[in-house]
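A.B. asks:
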Amino acid sequence: MNTIHYLTDPTLRDLFLPGVITGLAIAIMCAGLSVLVVLKRLAFVGQGISHAAFGGAGVVATLGWMSAAGAVSLGAFGIVFGFCLFAALAIGWLSLKGKTEADTAIGIVLVASMALGAILLTRAAHLHGSSRGVSWESFLFGSMDGISWTDAALGWGSAGIVLFSLWFFRRPMVFWAFDPVVARAMGVREPVMSLVLMTLLALATVTAMKLAGVVLATAMLVLPGACALLFSRRWSVVLWLALLIALAGVVGGLVLGFEADWPTGPSIVVVLAAVFAAGRVYSFLQSRRAASSPTPAALQ
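Quick note on numbering: the sequence shown equals residues 164 to 463 in the numbering used here.
1) Does Leu-448 pass the burial test, meaning 16 or more other C-beta atoms within 10 Å, or should it be called exposed?
2) Report yes or no: do three or more beta-carbon pairs, one from the stretch 373-390 and one from the stretch 419-439, lie closer than 8 Å?
3) Expressed to the nearest angstrom, what Euclidean distance is found between the alpha-carbon atoms of Ala-415 and Cys-247?
4) If you measure between the beta carbons of Gly-239 and Ser-276, is that distance less than 9 Å?
5) Tell whether a beta-carbon distance below 9 Å holds between Met-372 and Val-243.
6) Quick one: Cα of Gly-241 to Cα of Gly-211, how far?
7) Can you give me the start and stop residues for the alpha helix (DSSP H) that Leu-402 sits inside?
8) Assuming contact is defined by CB atoms lying nearer than 9 Å, are Val-200 and Leu-364 in contact in what I supplied?
9) Among Ala-188, Ile-189 and Leu-196, which has the Cα closest to the Cα of Met-336?
10) Have a look at Leu-283 and Val-351 and give me their C-alpha separation to the nearest angstrom.
11) Taking only the alpha-carbon atoms, compute the straight-line gap between Arg-451 and Leu-180 and give it to the nearest angstrom.
12) Round the Cβ separation of Gly-428 and Leu-379 to the nearest angstrom and send it over; I've been treating them as touching at under 8 Å.
13) In chain order, what are the residue ranges of uninterrupted alpha helix (DSSP H) at least 4 long that sit wholly in the stretch 237-283?
14) Ala-375 and Ile-254 look like a contact to me (Cβ under 8 Å); what is the Cβ gap, rounded to whole Å?
15) What separation, rounded to the nearest whole angstrom, lies between the Cα atoms of Gly-233 and Arg-334?
16) Going by the beta-carbon positions, is the gap between Ala-194 and Ala-409 smaller than 9 Å?
17) Does the beta-carbon of Ala-454 have 16 or more other beta-carbons within 10 angstroms, so that it is buried, or is it exposed?
18) Could you tell me whether the Cβ atoms of Leu-187 and Val-413 are closer together than 9 Å?
19) For Ala-322, collect the residues of the same chain with a Cβ closer than 7 Å to its Cβ; drop the 5 residues on either side in sequence, then sort them by chain order.
20) With 16 other CB atoms within 10 Å as the buried threshold, where does Gly-227 fall?
21) So, with DSSP's three-state summary, where would you put Val-385?
22) Look at the alpha carbon of Val-432 and the alpha carbon of Leu-402, and state the distance between them as a whole number of angstroms.
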């Protein structure tokens with residue numbers, strides 16, 4: 164098997180093993196957030212934050228800090244994160260204040276950031292020559308094959324921050340996610356929870372984008388939670404299911420990429436989408452079975 168060969172061969176192991184470890188970090192980081200994203204109907208918000216990274220990437224490329232493969236240096240990470248954080252907070256503030264509908268605010272931020280990024284990335288290609296031009300395909304889909312141990316450390320560091328924050332705010336966050344009316348009655352401050360969630364989403368998005376691409380970042384913030392909620396509504400069960408599904412998606416996608424010689428990022432998305440489709444079929448069959456089962460009153 165190619166997978167075993169890639170991970171056991173001394174020459175290839177150092178090339179592919181950091182990508183595997185980083186993929187696991189992304190899965191763990193995004194699993195818990197994905198449940199909150201789905202419950203709060205923020206799937207499009209995650210996409211908007213992801214695409215806001217185009218603006219930051221444009222600035223980085225203009226400064227000459229982005230390689231032709233679409234990778235950004237660790238120093239440029241802060242610029243891209245700043246753009247994503249600004250976009251997240253802007254969307255959250257406009258939505259909370261009621262000045263603009265959420266979908267309108269997301270659309271404005273998304274298209275404005277992508278337009279700015281397109282202009283700056285094109286400008287960067289002219290400024291630095293074709294050798295410093297940026298690959299749009301690499302930026303969108305990423306490449307987990309060339310990840311370094313420094314990138315892996317960045318992924319696990321970001322995952323640690325996200326996990327600690329979710330643990331620290333676990334009680335108010337759970338109430339706010341599942342029943343905002345009860346949360347407000349118990350004194351949970353909705354603006355604070357929204358600010359925390361948007362900040363964590365920005366951190367997770369820009370980290371996953373740097374390491375694996377925008378498409379995978381968006382998928383990991385939606386699909387694990389969406390799949391888990393098809394099987395249960397209990398908070399503890401949903402969290403563990405989302406984590407297991409995210410890990411299975413990463414492992415399955417990496418194996419599929421190694422065996423079929425596919426790009427690993429899209430392979431992970433395909434595996435997660437297949438899990439979601441299977442979950443929908445399971446949910447449909449369960450509802451049909453429940454509808455066809457006789458009620459206790461009918462048996463009397």
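The beta carbon of each residue, even a glycine, is placed where N, CA and C say it ideally should be.
C.D. replies: Put simply:
1) The residue is exposed, with fewer than 16 neighbouring Cβ atoms inside 10 Å.
2) The stretch 373-390 makes contact with the stretch 419-439, as at least three CB pairs between them are under 8 Å.
3) According to the sequence provided, residue 415 is Gly. The question's Ala does not apply to it. Note on geometry: alpha-carbon atoms of Gly-415 and Cys-247 lie some 29 Å from one another.
4) Gly is not the amino acid found at residue 239; the sequence shown has Ala there. Ser-276 sits away from Ala-239, with the two beta carbons spaced by 9 Å or more.
5) Cβ atoms of Met-372 and Val-243: closer than 9 Å.
6) The alpha-carbon atoms of Gly-241 and Gly-211 are separated by roughly 18 Å.
7) That run of the alpha helix (DSSP H) goes 398-423.
8) Yes.
9) The candidate whose alpha carbon is nearest that of Met-336 is Leu-196.
10) Whole-angstrom Cα-Cα distance: 42 Å.
11) Straight-line spacing of the CA atoms in Arg-451 and Leu-180 works out to 44 Å.
12) 4 Å between Cβ atoms; contact.
13) Fully contained in the stretch 237-283 are the following alpha helix (DSSP H) runs of length 4 or more, in chain order: 240-260.
14) Contact doesn't hold; Cβ gap of about 23 Å is too wide.
15) Note that Gly-233 scores 48 on pLDDT, short of 50, meaning its location in the model is unreliable; the coordinates nonetheless yield the value given after this. Rounded to the nearest whole angstrom, the CA to CA distance from Gly-233 to Arg-334 is 39 Å.
16) The Cβ-Cβ distance between Ala-194 and Ala-409 falls below 9 Å.
17) Flag for Ala-454 reads exposed.
18) Between Leu-187 and Val-413, the C-beta spacing is below 9 Å.
19) Close CB contacts of Ala-322 within its chain, under the 7 Å cut and outside five residues either way in sequence, are with Ala-188, Ile-191 and Met-192 (chain order).
20) That one is exposed.
21) Three-state result, Val-385: coil.
22) Rounded to the nearest angstrom, the two C-alpha atoms are 19 Å apart.
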